[in-house]
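Numbering (UniProt numbering), first residue to last: 1 to 564.
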């Protein structure tokens, strides 16, 4: 009997369970089916073999989704405003959590029909694959190990994650953008009124002014029509003159440039042509200057060192980084675009300073200055709504979405996807977005830049240079007037000296008999200045203008004495 049993164990034959073969008293080369009992049937859900271990063919059968009393384990990660937490002792269980994603989860649980237990992921990470070990971390690892039924939060749908877990339809669309500190305003210069025209244009206009003035002077001298009789009614005094003297030529061109008329009018065709061309030139220059002046003085100009990702990649003064083990980091690491590859190499070489453990750390570094943070646009929008010192630079670098993650083959994925589509069509998700992003007391007020906003009032720092030019012009005019008066005084003094030289001999003879010697009268320049200013201040009294014939009190000529 024992011999027959031993022989039977060494024989291979085919049975109901497949090939039957024993080795060392143990059956080999067999397969076990895993089945699940349903209400009216038995369903095969997988297979088990001694070498291949467990092979699940119907993962959905392991999830009980038909009962209203199902309680799912949901993991999440704290991220304002998606998921936030109350730290008070009065909050327990799911009441500890609140935020945009918590409201969506609560709404979906009522629509689909399940209860849930919400808890934080142990390592506080979304989930990224280690390129060296191939292991996943964060919420992705928890779903792969079936330690949770759902993962809710600002979790981006990516190809790498989709290959190991499932995602529902996205409940929010977004992209990667750049968070940067609001650039400082360009410092206002005292002579900012000159900004509408470039410095070389001002130089060219000045050169053209001198050139045209000289041309009018020369052409006016050459043209016989510009010569005319000075005294046409005086036949005895026949003299001719030209109105385009050198000084009058410069005065005529500056008057035309300033859109002001003068008492000089060209008579010859040649001078009229030059005047017309200069007038047209002045019209274009003045119109262009006026059109740009309003924009330059009323618009606040910012010094923005970067405009997009290309500017960020091509410089080294501003550091940049992103969230560690997030989808944004994966995007740059796996990107094939040269600009993004260059940015990844820069961030990878500065791991300790480029990557942050949380969004709060990145925002803090941006506020410190000289740092740009790459993050999802929705989170960026939430931040700039509350901090007017921060702004978004450029557009979106990619397009993606946030979804609710489930293990592979979970039946809850399709049901939750349908609920998300229904909420989007009814506008419930948009209402929740406005609730957590815009309709709060935390939003800051930015300066309006719309066309209906009031223009900024111009300050002294904007147009103060005009007053400087005015004061400088008055000072130069006063200096010129002083020298004009001085030259005129000198001229009259010389004329008076010549007139009195005839009587000097007789006067000297008389004065020789006295005890002191006579000195010719000397005019006092400062007394003349004082008298002229006094006359100017009393001009409303219509007094007669004094003549320049005063002498110093010390220089009075004594009365002539007769000696017997």
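Beta carbons are placed, not taken as given, at the ideal position from N, Cα and C, and that holds for glycine. Just so you know, these numbers come straight off a predicted model, no measurement behind them.
Candidates 177, 43 and 138, of which the one nearest residue 78 by Cα: The residue given as residue 78 occupies position 78 in the chain shown. Selected option, being the one with the closest Cα: 138.
Span of the alpha helix (DSSP H), counted from its first residue to its last, around residue 348: By one-based count along the chain shown, residue 348 stands at place 348. Segment 338 to 349, the alpha helix (DSSP H) holding residue 348.
Secondary structure of residue 108, DSSP reduced to three states: Taking the chain shown and counting its residues from 1, the one referred to as residue 108 is at position 108. It is helical.
Environment of residue 376 [buried if 16+ CB atoms lie within 10 Å]: Counting from one through the chain shown, the residue named residue 376 turns up at place 376. Classification for residue 376: buried.
For residue 354, the three-state DSSP class (helix, strand or coil): Counting from 1 along the chain shown, the entry for residue 354 is found at position 354. Correct three-state label for residue 354: helix.
Validate contact between the region 280 to 287 and the region 364 to 375 using beta carbons, cut 8 Å, 3 pairs: no
Residue 453 versus residue 466: straight-line alpha-carbon distance, rounded: For the purposes of this step, residue 453 is taken as residue 453 along the chain shown, with counting starting at 1. For the purposes of this step, residue 466 is taken as residue 466 along the chain shown, with counting starting at 1. Summary for residue 453: the model assigns pLDDT 48, below 50, so the residue's position carries little reliability, and this model does not support an answer.
Run of the alpha helix (DSSP H) containing residue 318, from where it starts to where it stops: The residue given as residue 318 occupies position 318 in the chain shown. Taken as a continuous stretch (DSSP letters only), residue 318 belongs to no alpha helix (DSSP H), as it is neither H nor E.
Residue 87 versus residue 345 - alpha carbon distance: Here residue 87 refers to the residue found at position 87 when the chain shown is read from its first residue. Here residue 345 refers to the residue found at position 345 when the chain shown is read from its first residue. Each residue's Cα considered, the two are about 40 Å apart.
Short Cβ contact (8 Å threshold) for residue 412 with residue 149: Mapped onto the chain shown, residue 412 falls at position 412. Mapped onto the chain shown, residue 149 falls at position 149. Yes.
Contact under 8 Å by Cβ, residue 70 with residue 114: The residue labelled residue 70 in the question sits at position 70 within the chain shown. The residue labelled residue 114 in the question sits at position 114 within the chain shown. It is a contact, given that the beta carbons lie within the stated cut-off.
Between the CA atoms of residue 215 and residue 307 - distance to the nearest angstrom: As a first step, residue 307 must be located in the chain shown, where it is residue number 307. As a first step, residue 215 must be located in the chain shown, where it is residue number 215. In a straight line, the C-alpha of residue 307 is about 49 Å away from that of residue 215.
Residue 242 - partner residues in DSSP beta bridges: Here residue 242 is taken as the residue at index 242 of the chain shown, counted from 1. Note: residue 242 sits in a beta bridge opposite 227.
Start and end residues, beta strand (DSSP E) containing residue 48: In the chain shown, residue 48 corresponds to position 48, counting from 1. Counting along the chain, the beta strand (DSSP E) containing residue 48 begins and ends at 42 to 49.
C-beta contact flag for residue 394 and residue 354 at 8 Å: Indexing the chain shown from 1 puts residue 394 at position 394. Indexing the chain shown from 1 puts residue 354 at position 354. No, these two residues do not count as a Cβ contact at 8 Å.
Nonlocal neighbours in the same chain, by C-beta distance under 8 Å from residue 352, ignoring five residues either side: One-based indexing of the chain shown puts residue 352 at position 352. Here the set comprises nothing.
Burial state of residue 91, where buried means 16 or more other Cβ atoms lie within 10 Å: The residue labelled residue 91 in the question sits at position 91 within the chain shown. Counting Cβ neighbours within 10 Å, residue 91 comes out exposed, since fewer than 16 surround it.
Residue 225 versus residue 268: straight-line alpha-carbon distance, rounded: Taking the chain shown and counting its residues from 1, the one referred to as residue 225 is at position 225. Taking the chain shown and counting its residues from 1, the one referred to as residue 268 is at position 268. Taking the straight line joining both Cα atoms gives about 5 Å.
Length of the line joining the Cα atoms of residue 450 and residue 295: Numbered from 1 along the chain shown, position 450 holds the residue referred to as residue 450. Numbered from 1 along the chain shown, position 295 holds the residue referred to as residue 295. In this predicted model, residue 450 has a pLDDT of only 47, less than 50, meaning its place in the structure is not dependable; the value taken from the coordinates is given anyway. Their Cα atoms are separated by approximately 14 Å.
Same chain, Cβ closer than 6 Å to residue 167, five either side skipped, listed in chain order: On the chain shown, position 167 is the one that residue 167 refers to. Excluding residues within five positions, the ones whose Cβ falls inside 6 Å are 157, 403 and 405.
Within 8 Å, strictly: CB atoms of residue 209 and residue 246: The count along the chain shown starts at 1 and reaches residue 209 at position 209. The count along the chain shown starts at 1 and reaches residue 246 at position 246. The answer is no: Cβ separation not under 8 Å.
Residue 53 (DSSP reduced to helix, strand or coil): Here the question's residue 53 lines up with position 53 in the chain shown. Strand.
Proximity of residue 565 and residue 117 at Cβ, strictly below 8 Å: As shown, the chain starts at 1 and ends at 564. That puts residue 565 outside it, with no answer to give.
Chain-order list of residues whose beta-carbon lies under 7 Å from that of residue 396 (same chain, five-residue window excluded): Counting from one through the chain shown, the residue named residue 396 turns up at place 396. So the qualifying residues of the chain are 175, 176, 177 and 377.
Residue 289 versus 528, 343 and 199, residue with shortest Cα-Cα distance: On the chain shown, position 289 is the one that residue 289 refers to. Comparing Cα positions, the closest option is 199.
Burial state of residue 528, where buried means 16 or more other Cβ atoms lie within 10 Å: In the chain shown, the residue the question calls residue 528 occupies position 528. Buried: at least 16 other Cβ atoms inside 10 Å.
First and last residue of the uninterrupted beta strand (DSSP E) at residue 401: Walking along the chain shown from the start, residue 401 turns up at place 401. 400 to 402 is the extent of the beta strand (DSSP E) around residue 401.
Limits of the unbroken beta strand (DSSP E) element including residue 385: Here residue 385 corresponds to residue number 385 of the chain shown, with the count starting at 1. First-last for residue 385: 377 to 386, but that is the alpha helix (DSSP H), not the beta strand (DSSP E).
Cβ-based burial, residue 218 [other Cβ within 10 Å; buried from 16]: One-based indexing of the chain shown puts residue 218 at position 218. Residue 218 comes out exposed.
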